[in-house]
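> Structure provided below as structure tokens; questions to follow.
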Amino acid sequence: MGAPAGASAIVNGLSVDVEDWFQVGAFERVIDRAEWDGLTDRVDRNVREILDLFDEVGAKATFFTLGWVAQRHGPLLREIAARGHEMASHGWDHQRVFRFDRKSFGQDIARARQVIEDVSGTAVTGYRAPSFSIDQRTTWAFEELAEQGYAYSSSVAPIAHDHYGWKEAPRFAFHPLPGSSLIEIPVTTAMLANRRMAAGGGGFFRVLPYGFSRWAIRQVNRDDGRPAIFYFHPWEVDPDQPRVPNAPLKSRLRHYTNLSRMAPKLRRLVRDFAWGRMDDLAEQELMRLQAASA
């Protein structure tokens with residue numbers, strides 16, 4: 002799976018949240034959804050760059066894709082699937098879960114799943130909430146996911162954060178509903194001085210030195226004996242993307258910092274550890290949970 006000799010035998014979960022530069026939570030108050038179709042579309046070129054990077058070492062991943070993107074990029078989704086990666090859902094248009102009620106959430110994930118399956122020709126069994134927005138306010142979302150037949154979710158960030166987070170949630174895979182086989186696989190955190198630290202990718206990976214991520218994943222693999230869950234976005238490998246000058250300074254700093262360094266860091270990451278699809282990892286975690294409860 003691309004890991005060098007002597008690396009951990011644990012296969013970690015590699016994931017890409019497929020959204021374009023104008024669809025991120027950081028810009029949601031300054032770019033209206035009605036404007037999206039008129040903006041420069043860069044998701045196709047960015048995802049293809051990522052696919053080539055993964056091919057260099059034979060790494061497989063899960064692409065959590067917006068239905069909005071899938072509807073407009075059928076050939077891209079078919080290419081992702083043809084290269085052996087998993088297609089999964091990221092909802093329709095990046096609305097955070099706490100902005101829905103259960104009925105409208107169900108409609109959103111059903112619509113996205115249908116389009117992703119139709120254009121990719123593959124079944125969708127996994128879901129990731131935009132901005133990790135399943136938390137203590139929205140546990141009803143698990144009920145809807147289970148009812149619609151999803152096998153797993155990777156929608157919880159078990160930390161405290163100003164935009165998201167459910168700090169009381171378990172760090173590793175768990176059953177969110179009694180009597181259901183649905184599992185939640187939280188994004189990775191590491192422990193430092195009894196404090197959870199975000200270590201699963203995204204902006205933290207771009208901003209912090211690569212050594213931190215390497216240390217964190219090794220800690221999870223070695224000390225906890227568990228796979229790490231890593232995520233990033235296609236726009237993060239695109240330093241030439243358009244700028245949004247009227248966005249808040251904090252949002253611009255989070256979004257644009259170290260974009261030019263992201264691809265080289267990713268290349269190191271996929272070479273330093275073993276990586277696989279989230280659906281394969283979900284099957285392993287389900288067996289682990291069943292064995293623990295037997």
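Every number in the working numbering is 1 more than the matching position in the sequence shown, counting from 1. Every residue gets a Cβ at the ideal spot worked out from N, C-alpha and C, and that includes glycine. As the structure is a computational prediction, the values presented were derived from the model and not from experiment.
#1: Excluding sequence positions up to five away, which residues of its chain have a Cβ less than 6 Å from the Cβ of S154?
#2: In chain order, what residues of the same chain have a beta carbon less than 7 Å from the beta carbon of W141, not counting five sequence neighbours either side?
#3: Can you grab the Cα-Cα spacing for the pair R44 / A174, in whole Å?
#4: Of the choices G59, R49, R97, R84, whose alpha-carbon is the least far from that of H74?
#5: Quick check on the burial criterion: 16 or more other C-beta atoms within 10 angstroms. Buried or exposed for A4?
#6: Are the beta-carbon atoms belonging to L78 and E20 less than 7 Å from one another?
#7: If you pair each beta-carbon of the segment 189-198 with each one of the segment 239-253, do three or more pairs fall below 8 Å?
#8: So within the segment 35-73, which uninterrupted beta strand (DSSP E) runs reach at least 3 residues, ignoring any that extend past its ends?
#9: Please state whether DSSP places L250 in a helix, a strand or coil.
#10: Buried or exposed: where does Q149 fall if 16 or more other Cβ atoms within 10 Å of its Cβ makes it buried?
#11: Mind listing, in chain order, the continuous beta strand (DSSP E) runs of no fewer than 3 residues lying wholly within the segment 133-162?
#12: In chain order, what residues of the same chain have a beta carbon less than 8 Å from the beta carbon of R289, not counting five sequence neighbours either side?
#13: Within 10 Å of its beta-carbon, does E286 have 16 or more other beta-carbons around it, so buried, or fewer, so exposed?
#14: For K266, count neighbouring C-beta atoms within 10 Å of its own C-beta (all shown protein chains included) and say buried if the count is 16 or more, exposed if not.
#15: Return the Cβ separation of K61 and G277 in integer angstroms, given the expectation that the two are a contact with Cβ distance under 8 Å.
#16: Check each candidate in Q242, A152, L254 and name the one with the smallest Cα separation from D42.
#17: By how many angstroms is the C-alpha of I32 removed from the C-alpha of G7?
#18: CA-CA distance, P240 and S261?
#19: For A10 and D119, what's the separation of their Cα atoms in angstroms?
#20: Between the alpha carbons of A124 and H86, how many angstroms are there, rounded?
#21: Measure from the alpha carbon of T139 to the alpha carbon of each residue in S105, A111, A113, then state which is nearest.
#22: DSSP on F231, reduced to helix/strand/coil?
#23: Given a cut-off of 7 Å on the beta-carbon distance, is the pair A113 and G92 in contact?
#24: Is the CB-CB distance between V238 and M263 below 7 Å?
#25: Tell me which residue opens and which closes the alpha helix (DSSP H) that R30 is part of.
#26: Between which two residues does the alpha helix (DSSP H) containing G14 stretch?
#27: Assuming Q96 and P131 form a contact by the criterion Cβ under 8 Å, report the distance between their Cβ atoms to the nearest whole angstrom.
The structure says:
#1: Within the sequence shown, numbered from 1, the residue matching residue 154 stands at position 153. Y128, L146, E185.
#2: Here residue 141 refers to the residue found at position 140 of the sequence shown. If we look at W141 and ignore the five residues flanking it on each side, its Cβ neighbours are R103.
#3: As a working mapping, residue 44 is identified with position 43 in the sequence shown. As a working mapping, residue 174 is identified with position 173 in the sequence shown. Here the sequence assigns Val to residue 44, which means Arg is not the residue at that position. Taking the straight line joining both Cα atoms gives about 30 Å.
#4: As a working note, residue 74 is residue 73 in the sequence shown. Comparing Cα-Cα distances from H74 to each of G59, R49, R97, R84, the minimum goes to R49.
#5: Sequence index remark: in the sequence shown, residue 4 carries index 3 (1-based). The predicted position of A4 is uncertain, since its pLDDT is 45 and thus under 50; a value taken from the coordinates is nonetheless stated next. With 16 or more Cβ atoms within 10 Å of its Cβ, A4 is classed as buried.
#6: For the purposes of this step, residue 78 is taken as the residue at position 77 of the sequence shown. For the purposes of this step, residue 20 is taken as the residue at position 19 of the sequence shown. Their beta carbons are not under 7 Å apart, which means L78 does not touch E20 by this criterion.
#7: no
#8: 63-66
#9: In the sequence shown, residue 250 corresponds to position 249, counting from 1. DSSP places L250 in helix when its eight states are reduced to three.
#10: Residue mapping note: residue 149 aligns to position 148 of the sequence shown, counting from 1. So Q149 ends up on the exposed side.
#11: none
#12: Sequence index remark: in the sequence shown, residue 289 carries index 288 (1-based). Closer than 8 Å at the Cβ level, and outside the excluded window around R289, lie A174.
#13: Start at 1 with the first residue of the sequence shown, and residue 286 comes out as number 285. Buried is the call here.
#14: If you number the sequence shown from 1, residue 266 lands on position 265. Flag for K266 reads buried.
#15: Within the sequence shown, numbered from 1, the residue matching residue 61 stands at position 60. Within the sequence shown, numbered from 1, the residue matching residue 277 stands at position 276. About 5 Å separates the two Cβ atoms, so the contact holds.
#16: If you number the sequence shown from 1, residue 42 lands on position 41. It is Q242.
#17: Translated into the one-based positions of the sequence shown, residue 7 becomes position 6. Translated into the one-based positions of the sequence shown, residue 32 becomes position 31. At G7, the pLDDT of 37 sits below 50, so the modelled position is not reliable; the number obtained from the coordinates is stated separately. G7 and I32: Cα-Cα distance of roughly 47 Å.
#18: Position 239 of the sequence shown, counted from the start, is the residue given in the question as residue 240. Position 260 of the sequence shown, counted from the start, is the residue given in the question as residue 261. Their Cα atoms are separated by approximately 5 Å.
#19: For the purposes of this step, residue 10 is taken as the residue at position 9 of the sequence shown. For the purposes of this step, residue 119 is taken as the residue at position 118 of the sequence shown. Roughly 35 Å separates the two Cα atoms.
#20: Here residue 124 refers to the residue found at position 123 when the sequence shown is read from its first residue. Here residue 86 refers to the residue found at position 85 when the sequence shown is read from its first residue. Looking at the two C-alpha atoms, the distance is approximately 12 Å.
#21: Along the sequence shown, read from residue 1 onward, the residue named residue 139 stands at position 138. Measuring from the Cα of T139, the nearest candidate turns out to be S105.
#22: Taking the first residue of the sequence shown as 1, we reach residue 231 at position 230. If DSSP states are grouped into helix, strand and coil, F231 belongs with the strands.
#23: Counting from one through the sequence shown, the residue named residue 113 turns up at place 112. Counting from one through the sequence shown, the residue named residue 92 turns up at place 91. Yes. Within cutoff.
#24: Within the sequence shown, residue 238 is the residue found at index 237, counting from 1. Within the sequence shown, residue 263 is the residue found at index 262, counting from 1. Cβ distance < 7 Å, so V238 and M263 count as in contact.
#25: Position 29 of the sequence shown, counting from 1, holds the residue named residue 30. Taken as a continuous stretch (DSSP letters only), R30 belongs to no alpha helix (DSSP H), as it is neither H nor E.
#26: As a first step, residue 14 is located in the sequence shown; it is residue number 13 there, counting from the start. Premise fails: G14 lies in the beta strand (DSSP E), 12-19, not in any alpha helix (DSSP H).
#27: Translated into positions along the sequence shown, residue 96 becomes position 95. Translated into positions along the sequence shown, residue 131 becomes position 130. About 6 Å; that satisfies the 8 Å criterion.
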